[in-house]
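In the working numbering, the protein residues as written are 1 to 386.
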């Protein structure tokens, strides 16, 4: 279309009544579907994000864990028995540091979840719409909704209420979930609007994931350090093991030498003992022979002494008999003389004296002659006596 035709077209339009209003309605009609589509898409994101946040069981358990940690840290104070906490307290976890000024409460939370509740670490997967929802401004959406309503009032001729009020009302109902999200966390929607809720949660997720990654990196460093120390310890142990093996081998060699030396000494001692035993046996045999000779000699001497004693005994008996005979004869002579001197008057007394003498002689005969006897000695006693 050339410039001439354009001028003719606008000239014809100027002839229409309320041309400006009609053009505005026509423009609104052209843009209506795209505006409603964008608004619907954004509100769907808001609604989905709110449902994901409110329906996440893992997020609830993490909130409970955070509350327990806070009560444990504040134990003994008025805050030690809290039943809840403000939503913005989630971001303060990264500001609460340990004494080393490196580890934060967020790091500790990540560590606790990793050790005791590892199934909660992937809770960001439950909040897949959070990133998109954080980019949406509900105030802008509300202004767009008001503009659409005003436009609809002007195009009642072209668009019926049944065709357009339905989707628009459904969109508004989805938008109400944004206010319900603030109430879900115990916050005032006026003081903590939807944008602040999703932004806070988004920052919390980012801080948590960053802390978790830092913990993982720290664990990797500690594992590498521990592995390196273990390798160094293994090398040191290998060196000590080789050293111990070498010392053991040297000790074994030394023990073998000492064993051989001891065996040699034992053999020499055995030989020496054998010689000593043989010498002792020979000496014992010689002593036995000597003792046997001494025993035989002692027996011969004893036999000779016994023979000598027998001879002496016989001689003593013979002497005793001769003495007895002499005594009897002398007594008889004495008695005869008395009888002759005293006569018959004293014969009786003489007979008594004679009887006494006979008794005396009889008593002497009753006493056995004792000859000296030598005790028999063993060859050993005889050898000792010599």
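Beta carbons are placed, not taken as given, at the ideal position from N, Cα and C, and that holds for glycine.
- prompt: Going by DSSP, which residues form a beta bridge with residue 337?
  reply: Partner(s): none; residue 337 has no beta bridge.
task: Using the Cα positions of residue 50 and residue 90, report the straight-line distance between them to the nearest angstrom.
output: 18 Å
query: If we ignore side chains and look at the alpha-carbon of each, how far apart do residue 252 and residue 289 end up?
result: 54 Å
- request: Starting from the Cα of residue 48, find the closest Cα among 303, 196, 297, 131 and give me that residue.
  value: 131
query: What do you reckon, are the CB atoms on residue 180 and residue 54 nearer than 9 Å?
result: yes
Start-to-end residues for the alpha helix (DSSP H) that takes in residue 110: 105-116
query: In three-state terms, what does DSSP make of residue 86?
result: coil
field: Inter-residue Cα distance where the pair is residue 39 and residue 133
entry: 13 Å
task: List the DSSP bridge partners of residue 97.
output: 104
- prompt: residue 151 CB to nearest chain B CB: under 9 Å?
  reply: Although the question refers to chain B, the structure presented lacks it and comprises just one protein chain.
- prompt: With distances taken from CA atoms, which of 194, 137, 57, 239 is nearest residue 122?
  reply: 57
query: How big is the Cα-Cα spacing for residue 278 and residue 293?
result: 22 Å
query: If we ignore side chains and look at the alpha-carbon of each, how far apart do residue 111 and residue 215 end up?
result: 7 Å
message: If I measure Cβ to Cβ from residue 267 and keep anything under 8 Å in the same chain, skipping five residues before and after, which residues do I get?
response: none
message: Using 9 Å as the threshold, is the C-beta distance between residue 204 and residue 93 below it?
response: yes
- request: Flag this pair as yes or no: are the beta carbons of residue 124 and residue 63 separated by less than 9 Å?
  value: no
query: How is residue 185 classed by DSSP in three states: helix, strand or coil?
result: coil
- request: Could you check what DSSP says for residue 221 in three-state terms: helix, strand or coil?
  value: helix
message: Let me confirm a value: residue 398 is counted as buried when at least 16 other C-beta atoms fall within 10 Å, else exposed. Which label applies?
response: This structure gives no information on residue 398, because the portion of the chain shown stretches from 1 to 386.
query: What separation, rounded to the nearest whole angstrom, lies between the Cα atoms of residue 202 and residue 23?
result: 44 Å
- prompt: If you drop the 5 nearest sequence neighbours on each side, which residues of the same chain put their C-beta closer than 7 Å to that of residue 120?
  reply: 58, 61, 62, 113
task: Pull up the distance between the alpha-carbon of residue 328 and that of residue 291, whole angstroms please.
output: 54 Å
query: In three-state DSSP terms, what is residue 289?
result: helix
- prompt: Where do the ends of the alpha helix (DSSP H) carrying residue 71 lie?
  reply: 57-73
Minimum C-alpha distance to residue 34 - residue among 66, 187, 144, 246: 144
query: Buried or exposed: which applies to residue 182, given that a residue is buried once 16 or more other Cβ atoms fall within 10 Å of its Cβ?
result: buried
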